[in-house]
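Residue numbers (this note's numbering): 7 to 286.
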(Lines of atoms letter the chains of each structure in order from A and count residues from 1; the text may use other names and numbers.)
(Lines give C-alpha, C1' and ligand atoms only; values in the text may rest on other atoms or scores of the structure.)
Protein backbone atom coordinates (compact mmCIF):
# COMPACT_ATOMS: atom_id res chain seq x y z
CA UNK A 1 0.00 0.00 0.00
CA UNK A 2 1.17 3.54 -0.82
CA UNK A 3 3.92 4.79 1.54
CA UNK A 4 3.76 1.85 3.94
CA UNK A 5 6.93 -0.18 4.38
CA UNK A 6 7.31 -3.79 5.59
CA UNK A 7 6.15 -4.49 9.13
CA UNK A 8 6.49 -7.38 11.56
CA UNK A 9 2.70 -7.70 11.74
CA UNK A 10 2.04 -9.05 8.20
CA UNK A 11 5.10 -11.31 8.45
CA UNK A 12 4.45 -13.81 11.26
CA UNK A 13 6.25 -17.12 11.33
CA UNK A 14 5.26 -19.48 8.49
CA UNK A 15 2.08 -21.42 9.22
CA UNK A 16 0.95 -19.14 12.04
CA UNK A 17 -2.02 -17.74 10.07
CA UNK A 18 -4.58 -20.02 8.41
CA UNK A 19 -4.29 -20.15 4.62
CA UNK A 20 -1.57 -17.52 4.79
CA UNK A 21 -4.20 -14.77 5.01
CA UNK A 22 -3.10 -11.17 5.61
CA UNK A 23 -4.86 -7.96 6.56
CA UNK A 24 -4.60 -6.50 3.06
CA UNK A 25 -6.54 -4.45 2.15
CA UNK A 26 -8.91 -4.94 5.15
CA UNK A 27 -11.05 -1.83 5.66
CA UNK A 28 -8.87 0.19 3.25
CA UNK A 29 -8.95 3.08 5.72
CA UNK A 30 -5.91 4.67 4.10
CA UNK A 31 -7.98 5.47 1.01
CA UNK A 32 -11.44 5.64 2.59
CA UNK A 33 -10.66 7.66 5.72
CA UNK A 34 -12.83 10.64 4.68
CA UNK A 35 -15.86 8.39 4.13
CA UNK A 36 -15.10 6.53 7.37
CA UNK A 37 -15.00 9.76 9.37
CA UNK A 38 -18.24 10.91 7.74
CA UNK A 39 -19.87 7.63 8.82
CA UNK A 40 -18.63 8.14 12.37
CA UNK A 41 -20.07 11.63 12.49
CA UNK A 42 -23.39 10.39 11.09
CA UNK A 43 -23.54 7.99 14.05
CA UNK A 44 -23.09 10.86 16.47
CA UNK A 45 -19.49 10.02 17.36
CA UNK A 46 -17.39 13.02 18.34
CA UNK A 47 -13.99 11.36 18.81
CA UNK A 48 -11.98 8.70 17.00
CA UNK A 49 -9.29 6.60 18.66
CA UNK A 50 -6.90 5.24 16.05
CA UNK A 51 -3.39 3.81 15.87
CA UNK A 52 -0.55 5.35 13.91
CA UNK A 53 1.58 3.10 11.72
CA UNK A 54 5.25 3.39 12.62
CA UNK A 55 6.36 1.70 9.34
CA UNK A 56 4.34 4.28 7.40
CA UNK A 57 5.84 7.26 9.23
CA UNK A 58 9.45 6.32 9.94
CA UNK A 59 10.20 3.06 8.12
CA UNK A 60 14.01 3.30 8.04
CA UNK A 61 14.81 6.08 10.48
CA UNK A 62 13.82 8.89 8.11
CA UNK A 63 10.33 10.43 7.84
CA UNK A 64 8.23 9.19 4.94
CA UNK A 65 6.42 12.29 3.56
CA UNK A 66 3.42 10.40 2.20
CA UNK A 67 2.84 8.72 5.54
CA UNK A 68 3.14 11.99 7.43
CA UNK A 69 0.78 13.69 4.99
CA UNK A 70 -1.84 10.97 5.47
CA UNK A 71 -1.99 11.55 9.22
CA UNK A 72 -2.11 15.29 8.65
CA UNK A 73 -5.24 14.72 6.57
CA UNK A 74 -6.77 12.26 9.02
CA UNK A 75 -6.26 14.55 12.03
CA UNK A 76 -7.92 17.34 10.07
CA UNK A 77 -10.83 15.24 8.80
CA UNK A 78 -13.43 16.67 11.19
CA UNK A 79 -13.51 14.41 14.24
CA UNK A 80 -11.57 14.73 17.51
CA UNK A 81 -8.44 12.55 17.13
CA UNK A 82 -7.15 10.27 19.90
CA UNK A 83 -3.91 8.78 18.60
CA UNK A 84 -2.01 5.68 19.72
CA UNK A 85 1.65 5.59 18.75
CA UNK A 86 2.07 1.82 18.79
CA UNK A 87 -0.41 -1.02 18.34
CA UNK A 88 2.14 -3.75 17.48
CA UNK A 89 3.05 -2.37 14.03
CA UNK A 90 6.87 -2.48 14.11
CA UNK A 91 9.10 -1.64 11.12
CA UNK A 92 10.47 -4.87 9.72
CA UNK A 93 13.98 -3.44 9.74
CA UNK A 94 13.79 -3.25 13.55
CA UNK A 95 12.16 -6.66 13.87
CA UNK A 96 15.04 -8.12 11.90
CA UNK A 97 17.39 -6.76 14.58
CA UNK A 98 15.49 -8.36 17.46
CA UNK A 99 12.39 -6.21 17.70
CA UNK A 100 11.39 -5.38 21.26
CA UNK A 101 13.81 -7.96 22.66
CA UNK A 102 16.53 -5.46 21.68
CA UNK A 103 17.03 -2.38 23.85
CA UNK A 104 17.78 -0.21 20.82
CA UNK A 105 14.13 -0.48 19.73
CA UNK A 106 13.09 1.63 22.73
CA UNK A 107 15.34 4.46 21.54
CA UNK A 108 14.09 4.16 17.99
CA UNK A 109 10.53 4.35 19.36
CA UNK A 110 11.42 7.61 21.10
CA UNK A 111 12.68 9.01 17.78
CA UNK A 112 9.42 8.00 16.13
CA UNK A 113 7.40 9.65 18.92
CA UNK A 114 9.49 12.80 18.57
CA UNK A 115 8.92 12.91 14.81
CA UNK A 116 5.15 12.51 14.78
CA UNK A 117 4.53 14.64 17.88
CA UNK A 118 6.49 17.48 16.30
CA UNK A 119 4.24 17.23 13.26
CA UNK A 120 0.81 16.78 14.90
CA UNK A 121 1.32 18.11 18.44
CA UNK A 122 -1.76 19.69 20.01
CA UNK A 123 -3.90 18.88 16.98
CA UNK A 124 -4.27 15.44 18.58
CA UNK A 125 -6.65 15.65 21.55
CA UNK A 126 -5.03 12.79 23.48
CA UNK A 127 -1.97 10.61 22.96
CA UNK A 128 -1.38 6.98 23.97
CA UNK A 129 2.15 5.65 23.75
CA UNK A 130 1.38 1.92 23.65
CA UNK A 131 -1.67 -0.26 23.27
CA UNK A 132 -1.55 -3.48 25.31
CA UNK A 133 2.22 -3.92 25.63
CA UNK A 134 1.54 -7.15 27.55
CA UNK A 135 0.34 -8.72 24.30
CA UNK A 136 3.34 -7.50 22.31
CA UNK A 137 5.71 -8.94 24.92
CA UNK A 138 4.04 -12.08 26.22
CA UNK A 139 2.07 -13.22 23.17
CA UNK A 140 4.45 -11.90 20.54
CA UNK A 141 7.75 -12.90 22.17
CA UNK A 142 6.78 -15.48 24.81
CA UNK A 143 4.07 -17.84 23.59
CA UNK A 144 4.40 -16.91 19.91
CA UNK A 145 0.66 -16.75 19.23
CA UNK A 146 0.97 -13.13 18.04
CA UNK A 147 3.44 -11.73 15.53
CA UNK A 148 6.40 -11.91 15.35
CA UNK A 149 5.93 -15.43 16.75
CA UNK A 150 8.92 -15.61 19.10
CA UNK A 151 8.79 -18.32 21.78
CA UNK A 152 11.18 -17.36 24.55
CA UNK A 153 10.36 -16.53 28.19
CA UNK A 154 13.59 -14.55 28.35
CA UNK A 155 12.58 -12.69 25.20
CA UNK A 156 9.18 -11.88 26.69
CA UNK A 157 10.74 -10.37 29.82
CA UNK A 158 13.21 -8.35 27.75
CA UNK A 159 10.44 -7.13 25.46
CA UNK A 160 8.22 -6.11 28.37
CA UNK A 161 11.01 -4.02 29.85
CA UNK A 162 11.99 -2.43 26.56
CA UNK A 163 8.36 -1.58 25.75
CA UNK A 164 8.05 0.18 29.11
CA UNK A 165 11.39 1.91 28.53
CA UNK A 166 10.15 3.06 25.13
CA UNK A 167 6.97 4.35 26.77
CA UNK A 168 8.92 6.48 29.24
CA UNK A 169 11.19 7.89 26.55
CA UNK A 170 8.18 8.60 24.33
CA UNK A 171 6.48 10.47 27.19
CA UNK A 172 9.46 12.83 27.25
CA UNK A 173 9.13 13.36 23.50
CA UNK A 174 5.40 14.06 23.75
CA UNK A 175 5.91 16.57 26.58
CA UNK A 176 8.29 18.54 24.34
CA UNK A 177 5.72 19.01 21.60
CA UNK A 178 2.22 18.88 23.04
CA UNK A 179 0.19 19.81 26.09
CA UNK A 180 -2.50 17.29 25.14
CA UNK A 181 -3.15 14.60 27.79
CA UNK A 182 -0.89 11.60 27.28
CA UNK A 183 -0.85 8.11 28.75
CA UNK A 184 -0.75 4.39 28.01
CA UNK A 185 -3.39 1.70 27.41
CA UNK A 186 -3.15 -1.67 29.17
CA UNK A 187 -5.24 -4.83 29.06
CA UNK A 188 -5.94 -5.57 32.73
CA UNK A 189 -7.65 -8.62 34.23
CA UNK A 190 -9.05 -9.05 37.75
CA UNK A 191 -7.48 -12.21 39.20
CA UNK A 192 -9.02 -14.20 42.08
CA UNK A 193 -7.94 -17.46 43.69
CA UNK A 194 -10.22 -20.46 43.18
CA UNK A 195 -10.09 -21.19 46.92
CA UNK A 196 -8.34 -19.98 50.09
CA UNK A 197 -5.80 -22.78 49.58
CA UNK A 198 -2.20 -21.49 49.74
CA UNK A 199 -1.34 -22.95 46.34
CA UNK A 200 -4.31 -21.21 44.73
CA UNK A 201 -3.49 -17.92 46.44
CA UNK A 202 0.13 -18.09 45.29
CA UNK A 203 -0.91 -18.92 41.73
CA UNK A 204 -3.30 -15.96 41.72
CA UNK A 205 -0.54 -13.69 43.01
CA UNK A 206 1.80 -14.75 40.23
CA UNK A 207 -0.78 -14.45 37.46
CA UNK A 208 -1.86 -11.03 38.73
CA UNK A 209 1.79 -10.04 38.87
CA UNK A 210 2.67 -11.14 35.36
CA UNK A 211 -0.59 -9.95 33.80
CA UNK A 212 -1.19 -6.67 35.63
CA UNK A 213 1.44 -5.51 38.10
CA UNK A 214 4.38 -6.18 35.77
CA UNK A 215 3.22 -3.04 33.95
CA UNK A 216 1.21 -1.14 36.56
CA UNK A 217 3.89 -1.04 39.25
CA UNK A 218 6.71 0.43 37.11
CA UNK A 219 4.27 2.98 35.71
CA UNK A 220 2.64 4.03 38.97
CA UNK A 221 4.73 2.79 41.91
CA UNK A 222 8.30 3.41 40.87
CA UNK A 223 9.52 -0.09 40.06
CA UNK A 224 8.82 -3.73 39.38
CA UNK A 225 6.82 -5.67 42.00
CA UNK A 226 9.06 -6.93 44.80
CA UNK A 227 7.32 -10.31 44.86
CA UNK A 228 8.04 -10.84 41.15
CA UNK A 229 11.69 -9.92 41.06
CA UNK A 230 12.94 -13.45 41.74
CA UNK A 231 10.69 -14.86 39.01
CA UNK A 232 11.79 -12.18 36.56
CA UNK A 233 15.46 -12.72 37.38
CA UNK A 234 15.14 -16.39 36.43
CA UNK A 235 14.23 -15.22 32.96
CA UNK A 236 17.02 -12.72 32.53
CA UNK A 237 15.67 -9.44 33.89
CA UNK A 238 19.00 -8.61 35.53
CA UNK A 239 20.58 -8.54 32.08
CA UNK A 240 18.11 -6.01 30.64
CA UNK A 241 17.12 -3.72 33.54
CA UNK A 242 19.85 -1.11 33.98
CA UNK A 243 20.46 1.46 36.69
CA UNK A 244 18.12 4.40 36.18
CA UNK A 245 15.69 2.54 33.93
CA UNK A 246 12.86 2.38 36.44
CA UNK A 247 12.87 6.17 36.80
CA UNK A 248 12.27 6.41 33.04
CA UNK A 249 9.49 3.81 33.16
CA UNK A 250 7.70 5.85 35.82
CA UNK A 251 7.49 9.15 33.94
CA UNK A 252 4.18 10.81 34.98
CA UNK A 253 1.16 10.06 32.82
CA UNK A 254 -2.08 12.04 32.57
CA UNK A 255 -4.35 9.03 32.25
CA UNK A 256 -4.30 5.23 32.24
CA UNK A 257 -6.38 3.47 29.61
CA UNK A 258 -7.88 0.09 30.50
CA UNK A 259 -8.99 -2.48 27.94
CA UNK A 260 -11.12 -4.95 29.89
CA UNK A 261 -12.13 -8.31 28.43
CA UNK A 262 -12.61 -10.74 31.31
CA UNK A 263 -11.37 -11.85 34.70
CA UNK A 264 -9.38 -14.91 35.77
CA UNK A 265 -10.14 -17.47 38.46
CA UNK A 266 -6.88 -19.26 39.20
CA UNK A 267 -6.03 -22.62 40.77
CA UNK A 268 -2.58 -23.86 41.66
CA UNK A 269 -3.28 -27.21 40.00
CA UNK A 270 -6.11 -29.09 38.31
CA UNK A 271 -8.42 -30.94 40.72
CA UNK A 272 -11.92 -32.44 40.71
CA UNK A 273 -14.66 -29.92 41.38
CA UNK A 274 -12.58 -26.88 40.50
CA UNK A 275 -14.27 -24.20 38.44
CA UNK A 276 -10.97 -23.55 36.68
CA UNK A 277 -10.15 -24.90 33.24
CA UNK A 278 -6.83 -24.74 31.35
CA UNK A 279 -6.37 -21.32 29.76
CA UNK A 280 -4.08 -22.31 26.93
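Even for Gly, the Cβ is constructed at its ideal location relative to N, Cα and C. It should be emphasised that the depicted structure is a prediction, and the values quoted were computed from it without experimental measurement.
Could you tell me the boundaries of the alpha helix (DSSP H) in which residue i lies?
i: residue 24; result: Taken as a continuous stretch (DSSP letters only), residue 24 belongs to no alpha helix (DSSP H), as it is neither H nor E.
i: residue 34; result: No alpha helix (DSSP H) contains residue 34, which DSSP labels as neither H nor E.
i: residue 206; result: 204-214
i: residue 182; result: 159-183
i: residue 149; result: From DSSP, residue 149 is part of no alpha helix (DSSP H); its letter is neither H nor E.
i: residue 241; result: Premise fails: residue 241 is in no alpha helix (DSSP H) and is neither H nor E.
i: residue 224; result: 220-226
i: residue 247; result: Here residue 247 belongs to no alpha helix (DSSP H), and DSSP marks it neither H nor E.
i: residue 61; result: 60-63
Which term fits residue i, buried or exposed, when burial requires 16 or more other beta carbons within 10 angstroms of its beta carbon?
i: residue 157; result: exposed
i: residue 162; result: buried
i: residue 154; result: buried
i: residue 43; result: buried
i: residue 176; result: buried
i: residue 48; result: exposed
i: residue 152; result: buried
i: residue 111; result: buried
i: residue 267; result: exposed
i: residue 269; result: exposed
i: residue 276; result: exposed
i: residue 62; result: buried
On the DSSP bridge list, what partners appear for residue i?
i: residue 86; result: 53
i: residue 190; result: 262
i: residue 198; result: 271
i: residue 137; result: 191
Compare the C-beta of residue i against all C-beta atoms of chain C and say whether one is closer than 7 angstroms.
i: residue 32; result: The chain inventory of the structure shown lacks chain C, comprising one protein chain alone.
Out of the options, state which residue places its alpha-carbon closest to the alpha-carbon of residue i.
i: residue 278; options: 260, 200, 265, 248; result: 200
i: residue 265; options: 90, 33, 194; result: 194
i: residue 255; options: 274, 222, 130, 239; result: 222
i: residue 239; options: 159, 51, 124; result: 159
i: residue 173; options: 152, 133, 61; result: 133
i: residue 76; options: 122, 49, 28, 178; result: 122
i: residue 128; options: 78, 106, 170, 150; result: 78
i: residue 58; options: 216, 37, 148, 96; result: 96
i: residue 67; options: 113, 81, 50, 26; result: 113
Would you say the beta carbon of residue i comes nearer than 6 angstroms to a heavy atom of the ligand NAP?
i: residue 158; result: The ligand NAP is absent from the structure shown, which contains no ligand whatsoever.
*asked:* List, from N- to C-terminal side, the beta strand (DSSP E) runs of 3 residues or more that fit wholly inside the region 80-134.
replied: 86-92
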